[in-house]
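Peer 1:
Residue numbers (my numbering), protein chains in the order written: chain U, 43 to 300; chain D, 18 to 642.
1. Flag residue 87(U) as yes if its beta-carbon sits less than 8 Å from any beta-carbon of chain D, otherwise no.
2. Would you kindly work out how many angstroms separate the C-alpha atoms of residue 304(U) and residue 263(U), rounded to a whole number?
3. Unbroken alpha helix (DSSP H) runs of length 4 or more, entirely within the segment 31-104 of chain D: which are they?
4. Can you give, in chain order, each stretch of the beta strand (DSSP E) that sits fully within the segment 53-89 of chain U and has at least 3 residues?
5. Should residue 84(U) be flagged as near chain D, meaning a C-beta pair shorter than 8 Å?
6. Quick check on residue 342(D): does DSSP put it in helix, strand or coil?
7. Below 9 Å on C-beta distance, what does residue 77(U) contact in chain D?
8. Comparing the C-beta of residue 411(D) with each C-beta of chain U, is any distance below 8 Å?
9. Give a yes or no on whether 8 Å exceeds the smallest Cβ distance from residue 311(D) to chain U.
10. Contact check, residue 472(D) vs residue 514(D) under 8 Å by CB: the rounded distance?
11. Could you check whether the Cβ of residue 127(U) sits closer than 7 Å to any heavy atom belonging to the ligand ADP?
12. Near residue 117(U), what residues of its chain come up, given a Cβ to Cβ distance below 6 Å and the 5 sequence neighbours on each side ignored?
13. Check this for me: beta carbons of residue 301(D) and residue 257(D), under 8 Å apart or not?
14. Determine whether the Cβ of residue 233(U) lies closer than 8 Å to any Cβ atom of chain D.
15. Does chain U have any CB closer than 8 Å to the CB of residue 33(D)?
16. Under 7 Å between beta-carbons, which chain D residues line up against residue 110(U)? List them in chain order, please.
17. Tell me which residue opens and which closes the alpha helix (DSSP H) that residue 600(D) is part of.
18. Along chain U, in chain order, which residues have C-beta atoms closer than 9 Å to that of residue 530(D)?
19. Just to make sure I have the definition right: I need the residues of chain D whose C-beta is within less than 8 Å of the C-beta of residue 102(U). Which are they?
20. Using a Cβ-Cβ cut-off of less than 9 Å, list which residues of the segment 202-218 of chain U approach chain D; keep chain order.
21. What does the alpha-carbon distance come out to for the pair residue 50(U) and residue 352(D)?
22. Could you say which of 241(D), 508(D) and 578(D) lies nearest to residue 520(D) if we only look at CA atoms?
23. According to a CB-to-CB cut-off of less than 9 Å, which residues of the segment 301-332 of chain D neighbour chain B?
24. Suppose only complete runs of 4+ residues qualify. What are the alpha helix (DSSP H) ranges in the segment 475-512 of chain D, listed by chain order?
25. In angstroms with no decimal places, state the Cα-to-Cα distance between residue 185(U) and residue 236(U).
26. Could you check if residue 518(D) is buried or exposed, using at least 16 other CB atoms within 10 Å of its CB as the buried criterion?
27. So residue 202(D) is in the alpha helix (DSSP H); what residue range does that whole segment cover?
28. On the DSSP letters alone, give me the boundaries of the beta strand (DSSP E) that residue 243(D) sits inside.
29. Counting only beta-carbon atoms, is residue 344(U) nearer than 8 Å to chain D?
30. Quick check: what's the CA-CA separation for residue 365(D) versus residue 102(U)?
31. Can you name the residues of chain D whose CB is closer than 7 Å to the CB of residue 268(U)?
32. Assuming residue 113(D) and residue 121(D) are in contact, meaning their beta carbons sit under 8 Å apart, how far apart are those beta carbons, in whole angstroms?
33. In whole angstroms, what separates the C-alpha of residue 303(D) from that of residue 553(D)?
34. Assign residue 609(D) to one of two classes, buried (16 or more other C-beta atoms within 10 Å of its C-beta) or exposed (fewer than that).
35. Does the CB of residue 69(U) have a neighbour CB from chain D at under 8 Å?
36. Among the residues of its own chain, which have a CB less than 6 Å from the CB of residue 20(D), if the five just before and after it don't count?
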């Protein structure tokens, strides 16, 4: 073997702080307008670049790839917008959350703008697993009478499961474990507004489009061309008790933009 | 009639849920120039999908330069993937720019980057989707002026009927001059023909419609382009060259894409040009002279660029980065400045003879993925023929350094079909790969857990204009396949992976590299038969190309594999990068004799002719060893 080469990092990996010792900054952000069409992996790299541009003291993992220590809430379907997305970022040192939020805002495209930030408990479960209650709204055109759609969804819910094709794979969603509630309303233009409240967990989730496709198939109608899907709430639910993502945090920083 | 300039994103938005990767069409990326007030509007087009075109440094440079000028705006456009273009045609949506979502047909000028020959059918597809006439002759006075430039402009003849003007060489300055010329000519109310005559006065600008093609006993069957009777245009259009390269912005990429792109990192052009003189390499001949940026500029601009963009990797790009006289200082400076930020510094590929122990330590920071070297040929004799000027010892030393510094995967680039190549040379590729693997095992250890592997990628030589091999015929596809099989048969160790280029794709590339203006009929016929995205293995349709060739009375193999006499006037002889034909002929003769030619940045001038022709010289910051 040749002589040992200088290492690029001055601290040995085993001497670096563990993840649990690092401050955990939770940031809420939107996903709106044309960036609703950004896929989850592209969103992750975009947010990571925003954080680097913001100059936040982010922590880097000790693995081979030296990745930023960041966790995201569950992936949105491509095309769905949201007012309640979250990421948790481990920092190497604690900084004023208001300053962190301000710097992030200045370095983030408006369509995924952050609007709230605060430190949360270091040992909370990962966001994707913890935020198990997800509520959606879906805007449709005047596709059918509201009552007819409501009845169809009720019938699907009574059956307890939805089968659908994803790519070439058959998928089954257990509605008894995922569907908490639903509603169908009409707006002033005759368009339909559908609410779908869901629970998700390890390997189980319900996308509203799947439920609506099944309902329209049951009605013998074509599914609407481009429904406007929006995630409007993500929280933790435990034994019927709702825990908000920033519950227990002090010094919650809020954007002036929202 | 020029299409009205208006934002038509509302026509694209409803299509997004129905296409693959809608993020290709979103725009509004960080760093994109949103203010597009003009009044002069240029749209730069890379005729491939967003993720392939967005990393292109040439487009980024021209985009910045034009947008920096008062009264000029530059937007981008990429070719939509087939699903989107089908929907657009179905719903009557024209091709739009990204920034302003304005119809391409509403722009004053459109600039195509010709990155490689196989983009030809995509150029026609772009124009058709935009509703712009395919040929210059068919366009009206108000239609956009269609420009082109880039590495493949050195034989633009097969697309010459398409382009109103072709910009040769470095485009930093000439794109602005050409835009100003179009703006002023339009303001004066010149006819389209007079506007094109005016464009031909801008140095480095070739206007195909002002040249006729003459076929006689002194030419190949494709003839040569000569100034049309009565037109006051140069017989040979010389390329433009940026003398003070260090005065140009080091980081051209300011746009941070949302989606993963093929080179998803910040690129910094550390030097331009290469004087190594590899005889197959078109870029090595056409980008001369060599111009280095100072190390301090590279380090400071690189760090600033990373802060501004948020990338986690920076690539020090050029034709041969490890040849930079201050390469080690750059790498060390970068690593010190970026320590602890999880940022990787990478180099596209390393030269075997300039990859030292210290450089091995400095490249890539803490991450050791794969490392790429390009020996190009499997024997010393053949490496001398191509003037690669690296030895077996160079390879062994570089491999040993790399494995000792932590790399486990080595990639080696080779070519087959090189002039004078024999089966022994092909077998030599396998032996070389085995030797590198053996060195890896010696240094790292044996057994599956050592993770040592070697992959070899074997391209087919496509003789390119303005190289000493420009007169050579391409190797026939059947023989290419035989040699590929010979190589596969000779590689016996499973830790060596072999990949090779498709012989048919290379054949089409070879034909497009060789043809003159009459080749346009082939390109058009192929496009009419559905050829698009020919550089994509999944999309390439050789049967359609063969049918197209037959319909034009051509045989692709005959075209690509034809040898040209050394004395013949070549189809591309009227556009020049400054390298003299005498030098190329001399290099060809030396190649046949197996005599190498040194690098003029290390030894004395080799007489390529670029410096006197262009009034330039090499700019080396330190001393090249």
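For every residue, glycine included, the Cβ atom is placed at its ideal position computed from N, Cα and C.
Predicted model only: the values in this text are computed from it and were never measured.
Peer 2: Answer, in terms of the structure:
1. For residue 87(U), the nearest CB of chain D lies under 8 Å from its own CB, placing it at the interface with that chain.
2. Nothing can be reported for residue 304(U), as the shown portion of chain U is limited to 43 through 300.
3. 67-70 and 74-84
4. 66-73
5. Yes, because at least one Cβ of chain D sits closer than 8 Å to the Cβ of residue 84(U).
6. coil
7. Under the 9 Å cutoff, chain D gives 40, 43, 45 and 275.
8. no
9. So, not an interface residue.
10. 4 Å
11. Ligands displayed in this structure: none; no statement on the ligand ADP is therefore possible.
12. 82
13. no
14. no
15. yes
16. 359
17. Start and end: 598-610.
18. Neighbours of residue 530(D) on chain U: none; closest Cβ ~36 Å, over 9 Å.
19. 357, 358 and 359
20. none
21. Residue confidence for residue 50(U) is low, a pLDDT of 42 falling below 50, so the modelled location carries little weight; the figure read from the coordinates is stated next. Spanning the two alpha carbons is a distance of roughly 7 Å.
22. 578(D)
23. Looking for chain B here will not work: the only protein chains present are U and D.
24. Listed in chain order, they are 494-507.
25. 12 Å
26. Residue burial annotation: residue 518(D) is buried, with at least 16 other C-beta atoms found within 10 angstroms of its C-beta.
27. 191-204
28. Here the beta strand (DSSP E) through residue 243(D) covers 241-244.
29. The displayed coordinates of chain U run from 43 to 300. Any statement about residue 344(U) would go beyond what the structure contains.
30. 25 Å
31. Those within 7 Å of residue 268(U) in chain D are 31 and 34.
32. 7 Å
33. 26 Å
34. It is exposed - the Cβ of residue 609(D) has fewer than 16 other Cβ atoms within 10 Å.
35. When Cβ-Cβ separations below 8 Å define contact, residue 69(U) makes no contact with chain D.
36. 120, 122 and 123
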